[in-house]
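What follows is a single structure, written as structure tokens, with notes after it.
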Amino acid sequence: MNKIIPRLLIAGYFSIFIIIIVGLGWAWHTYREAPDQPIAYSHNKHINFVGLECTHCHAYADRALMPGIPPLQTCMECHENVATDRPEIIKLTAYWNKKEPVPWINVNYLPPHVYFTHKRHVKRGFECAECHGDIAHMDKVRQVKSFRMGWCVTCHRANNGPTDCWTCHK
Amino acid sequence: MQRRDFLKILGIATGSGVITSCGVKKGAEKLIPHVIPPNIEILPGLYTIMKTTCTECPVHCGMQAKIVEKVVNDRRMRFPVKLDGNPDHPVNHGKMCIRGQASLTRLYHPDRLQQPLMRDDAGKLTETTWDDALQKIAAELAKQTPKKHAFLSGRTTGAMSNLIDNFCKQLNIERLPEYEVYSYATLREANRILFGHADLPTYNIDNANYLLTIGADVIETFGNPLQQAAHISEAKEKAHLHWVHCEPHVSLTGLQAHARLNILPGTELYLLLYLLQELIKDNRQYAARLPMEIRGTLPSITSTLVREKTGIDISQIDGVFKGLREAQHPMLIFGGVSAQQETGLACAIVAGLIQWVTGMTDNAIDFAQSANFANVGNLDDLDKLARLLQVKNVGVLFISKTNPVDKHQFAYYMRENLKSADLVVGMTDFLPEQTDDYDIILPLSHPLESWDEIESRRGISSYVQPVLEPLHDTLPEGDILLKLMQLRSSSKTSATDYKSWLDTRWQQQLGKSGADEFAKTAFIAKQTMRISVQLQVRNTGNLLQNLTLPPATNGTVLFVTPSLKAFDGRSDVLPLIKEIPDPLTTITFDSWIAISEAQAKKLKLKDGDIVSLTTGDKAISTLPVKIQPMLTVNVLMVQRHMLDTFALAVNPATGESNGVIDNIKIEKTASSLKLAIMSGSLSQQGRGVIPRPDHRGHAHERVSLYKDHIHPDYQWTMVIDMEKCIGCSACVASCYVENNVGLVGRSEHMKGREMSWIRIEPYYDDGYAHFQPMLCQHCEFAPCESVCPVYAPYHNPEGLNGQVYNRCIGTRYCSNNCPYKVRRFNWQAHPWTTPMDRGLNPQMWARPKGVMEKCTFCIQRIREAKDYAKDEDRKVRDGEVVPACAQTCPTNAITFGNILDENSKVYQLVHSDRVYRVHEHLGTEPSVYYLMKEDGNLGKEHG
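Chains U and S are the protein sequences, given in the same order.
1 is the number of the first residue of the first sequence in this note's numbering; add one for each residue after it.
171 is the number of the first residue of the second sequence in this note's numbering; add one for each residue after it.
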């Protein structure tokens, strides 16, 4: 009987750690989880059902540092007429009518002291999916790689890329 | 594993996990797309180039702006982040001066006027709307009154000048002669008398092999300094130019000439007359070009007289005479402080006669390509306005982009009388010093936000286009005038905005294809016929008849000069200009009076002691002194914008304000000010920073514990030619803007914490002055690399001394160990306040607090060139990488390239016999090579 209280205390003490670890795991999961975008745009639908290429919207991926977010006009080329009754498209049309840009939330983030060029990587023949994951099957885009320096360097070493600091650090 | 160890590990793991997970940001940054793609496509993360025209000074160089897209207030907008010269423009050929480079900080200046201001009933200037302000002006213009309305502006050319004409004609306003501080009134008057052209011609020096400049600061502010500097550099290479500068004070121009003649103040006329007389005596052809009517009026000057008066040794004067006589293409330029004195006009006439007899006016001096000062008046015109105001005869007075209340003797009355106008409307971009003078102040858009067409010089029209949306609630001057015209006369149809007004003008003048071409090239250079000038014998003779030889100047003389940094004072507001040291003294923020060593000794003055200057009963100024080496004993110097006085006399013959005040009394006050002097010493202290020929080649054999570096493809190298470098500091400004170098302010400068990555070091030793650009030397065996505990400085495979900013922990060991003192520490976070942050170059990180930084040889430009080379699967070609300093250098003194390429320009220059490196004996093997002056850094004999 008198041993129950200390055992409970010990069990409680350890379960606190377990809760913390589980909690951290969950937090880590949500950190990586896709943010809610102002319009629930689905890459899955546009790529697998409509059949668009990545570069249809991200037109600069092979020409510039950043791939570019399509202007609203590109969306409206189709959605002037297509699926205009859906709630997300009604939101889109509202932005268009106000001539306001959609404030998309950035998913893949690099710090400002990093020089990264999509162009070089695309020209070298890397598929978008190698860093961005299987976006084609994502309804909600999330970050799948860490985008930390170690991850970059591992890939650079494996592919004989430059590893001079000033290749990327600016 | 023990239970205790398990618990310890578990505890540490959870603790550190909790701590590190705090502050993890979710990617909340927004990605803002365009709604409709703009017609100017800017690739994301890259820049595009838009051509326009610099308006910081009256030269109007062609300019191109690097434009990037940034997200501001959830909008994707474009902003210029760097200004460079337009390489095709005939005025500046891709080069920009210190002021042009810094003019980007005028656009982003937080103190720019952002809204119209109007005097309310209580007499206070308060913010108002454009509608109210313009309505008020229109109502005042509509009043039935016998009073005159008047329009006074700074110098305008091209389309704006025409629009002002239209505006004044339509609204019955008198357009006054324009007011420009440095209007070259004396020179223009002399050229009118001599040749019938009241103009400042273009001086083509590129073919000259002997150049004599008297007073004219040809590489600083006089005429077209960029072109003159480039020409001098070109002539040195092509024609072995020998350049002699004659001046009564000390200027950067004088110190850069091959020889400098120190003339006694006010005696230039003796020298010029003597030279003219000797040239005519010596050469019959010269004599034949000068009719007897003129020759007869010239007083005879003996060699003893000229030596006695000018204080120059006769052998030196004869050297100049021989130079002019024997050179195939001699050249003489007269102007600057020597023209801004009582004898200025007479001197300019005699100088013009020398130019005429030697035939310079037939080839090198081009009146067809002259600067257009046709609308510009002089101080007599301002005096007329002041008198008109005095009799209360002015209704609405517009004052646009000028300040009539300046430092000349009429200004005091002008200020008194401005109050008597019914309505004084100021159009400006910054709040004027004396806001009392104005009833309405209209904020002007920056030229980077406006359309315009400017005449750079006669025959060259330059295009001004907006490269960003207006940052504030401002309007361009053209739009203001057109709006007022609309308000006043609704029946007449005219353009509603300046752009459509310009479009109509361009359609009429150039046609459709011409207008398109203009927009593409951003300039039109019309074919100009050379004007073959003829000497106007009667006018010239009349003037020379009354020629009197000036008596010696009395006592101490104060020279009031234009400033390399601030010009006539207009660029002094630029935050970047204040950060950059004056090349002669390395003073950054302060105002000072330059005093000679002997005078300072006599009066027991040291740097920073405040003196008060008076002449007669007039107080001139109270300023700290700075001892200026090489200055003549009784000469003082001050830059015009530093002066707070109405003491500048007006030359009655030309209406130009004098730049000389004589009979100065210096009185030491009790107080002194610690000046912001960046240089530790103006002497090399015998350390041989700039070595003499016999110091070279004494590198010790290097013993090193470290392995040699291997450079497989590139080894970047910079060569700076000291023969070409003129110390103009344009590179410094260019570097600041390109690399987001922090502006730290005076208090930090006083602690020696300036941030410039490249600086000009002046050294006055043994009677000669040297100006050495100093930047990170990218040493092959860099002392900074081996002392860093975290390997933030490292050597890269291309020979660059790299610095990884986010690895740096701020020990500053590297800076301590750097023999060149070129590393800069961020002692504080730089407040890039809005809108200054819009001008940050996204190609470069704005370094945070606690990080060491330095020149990178513009790594972002190297990276860019390598990227394009890789697209074509080749190596970077020679000349493809141009660092910001080299790009803007007016004289092409800086060359950059890959020394491993034996065909590269740097390879050839490094193997020149003039080459040296700074502190070679240290064995650091810098990648920056310098080329000695042609004379081996010894300084030529005078003359």
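All C-beta atoms in this analysis are idealised placements derived from N, C-alpha and C, irrespective of residue type, glycine included.
**Request:** Taking all protein chains shown into account, decide if V1046 of chain S is buried (16 or more other Cβ within 10 angstroms of its Cβ) or exposed.
**Result:** buried
**Message:** Below 8 Å on the Cβ atoms is my contact criterion, and I expect L322 of chain S with L555 of chain S to pass it. Report the Cβ-Cβ distance as a whole number of Å.
**Reply:** 7 Å
**Request:** From the DSSP output, read off the bridge partner residues of L287 of chain S.
**Result:** Within the DSSP bridge table, the entry for L287 of chain S names S:E297, S:I611 as partners.
**Asked** Excluding the five sequence neighbours on either side, which residues of its own chain have a C-beta within less than 6 Å of the C-beta of A581 of chain S, listed in chain order?
**Response** V575, F816
**Message:** Tell me the rounded alpha-carbon separation between Y1099 of chain S and I484 of chain S.
**Reply:** 39 Å
**Asked** Which chain S residues sit within Cβ distance under 7 Å of C131 of chain U?
**Response** Within chain S, no residue comes near C131 of chain U; the closest Cβ sits about 15 Å away, beyond 7 Å.
**Message:** For a test of your reading of the model: does the CB of T824 of chain S fall under 7 Å from any non-hydrogen atom of the ligand FAD? Yes or no.
**Reply:** As far as ligands go, the structure on display features none, and thus does not contain the ligand FAD.
**Message:** Only counting the same chain, and skipping five residues up and downstream in sequence, which positions put a Cβ closer than 7 Å to that of I363 of chain S?
**Reply:** I519, Q706, N709, T710, L713
**Request:** Look at the Cβ atom of P794 of chain S, then the Cβ atom of W762 of chain S, and state whether they are nearer than 8 Å.
**Result:** yes
**Request:** Anything in chain S within Cβ reach of V22 of chain U, meaning under 8 Å, just list it in chain order.
**Result:** Identification of chain S residues near V22 of chain U by a Cβ-Cβ cut-off of 8 Å yields none; the smallest Cβ-Cβ distance measures about 12 Å.
**Request:** Using the Cα positions of V914 of chain S and E80 of chain U, report the straight-line distance between them to the nearest angstrom.
**Result:** V914 of chain S and E80 of chain U: Cα-Cα distance of roughly 52 Å.
**Asked** So what's Q706 of chain S in DSSP terms, helix, strand or just coil?
**Response** coil
**Message:** Using the Cβ count rule (16 or more neighbours within 10 Å means buried), how would you classify C946 of chain S?
**Reply:** buried
**Message:** Do H919 of chain S and M848 of chain S count as a contact pair if the criterion is CB distance below 8 Å?
**Reply:** yes
**Prompt:** Quick one: does Q679 of chain S have its CB under 8 Å from some CB of chain U?
**Reply:** no
**Item:** Delimiting residues of the beta strand (DSSP E) encompassing Q539 of chain S
**Value:** Where Q539 of chain S is concerned, the enclosing beta strand (DSSP E) stretches over 535-541.
**Asked** In or out: G193 of chain S buried (at least 16 other Cβ within 10 Å) or exposed?
**Response** Below a pLDDT of 50, predicted positions are generally treated as unreliable, and G193 of chain S, at 44, falls in that range; no measurement from the model is reported.
**Message:** Less than 8 Å between the beta carbons of F249 of chain S and R740 of chain S, yes or no?
**Reply:** no
**Item:** Continuous alpha helix (DSSP H) stretch holding S904 of chain S: start and end
**Value:** Its alpha helix (DSSP H) spans residues 900-908.
**Message:** Please confirm whether K196 of chain S has its beta-carbon closer than 8 Å to some beta-carbon of chain U.
**Reply:** Unreliable placement is indicated for K196 of chain S, whose pLDDT of 47 sits below 50; no coordinate value is reported for it.
**Same chain, Cβ closer than 7 Å to L813 of chain S, five either side skipped, listed in chain order** = K577, V730, S791
**Message:** Quick check on the burial criterion: 16 or more other C-beta atoms within 10 angstroms. Buried or exposed for N533 of chain S?
**Reply:** exposed
**Item:** Rounded separation between I20 of chain U and L180 of chain S - CA only
**Value:** 11 Å
**Message:** Here's the rule I'm using: 16 or more other beta-carbon atoms within 10 Å means buried, otherwise exposed. How should V351 of chain S be labelled?
**Reply:** buried
**Item:** Inter-residue spacing [alpha-carbon to alpha-carbon] between A541 of chain S and T225 of chain S
**Value:** 14 Å
**Asked** By how many angstroms is the C-alpha of C152 of chain U removed from the C-alpha of P228 of chain S?
**Response** 51 Å
**Prompt:** In this structure, does DSSP put T785 of chain S in helix, strand or coil?
**Reply:** strand
**Prompt:** Beta-carbon separation of N1011 of chain S and V251 of chain S under 8 Å?
**Reply:** Here N1011 of chain S is near V251 of chain S, since their CB atoms are less than 8 Å apart.
**Asked** By the 10 Å Cβ neighbour count, where 16 or more other Cβ atoms means buried, how is I4 of chain U classified, buried or exposed?
**Response** exposed
**Asked** With 16 as the cutoff for other CB atoms within 10 Å, does K1115 of chain S come out buried or exposed?
**Response** What the structure shows of chain S is the stretch from 171 to 1113, and residue 1115 of chain S is not part of that stretch, so it cannot be assessed.
**Message:** So R289 of chain S contacts chain U; which residues on that side make the cut at Cβ distance below 7 Å?
**Reply:** Within chain U, no residue comes near R289 of chain S; the closest Cβ sits about 39 Å away, beyond 7 Å.
**Prompt:** If contact means a Cβ-Cβ distance below 9 Å, which residues of the region 882-893 of chain S contact chain U?
**Reply:** none
**Item:** Contacts of H1000 of chain S in chain U (Cβ-Cβ under 7 Å)
**Value:** Those do not exist, as H1000 of chain S stays about 14 Å from chain U at its closest Cβ, beyond 7 Å.
**Prompt:** How would you list, in chain order, the residues of chain S whose beta-carbon sits under 7 Å from the beta-carbon of L65 of chain U?
**Reply:** P214, G215, L216
**Prompt:** Per DSSP, F321 of chain S is paired with what?
**Reply:** Beta-bridge pairing by DSSP links F321 of chain S to S:R345, S:F568.
**Message:** Buried or exposed, going by whether 16 or more other CB atoms sit within 10 Å of the CB of G1067 of chain S?
**Reply:** buried
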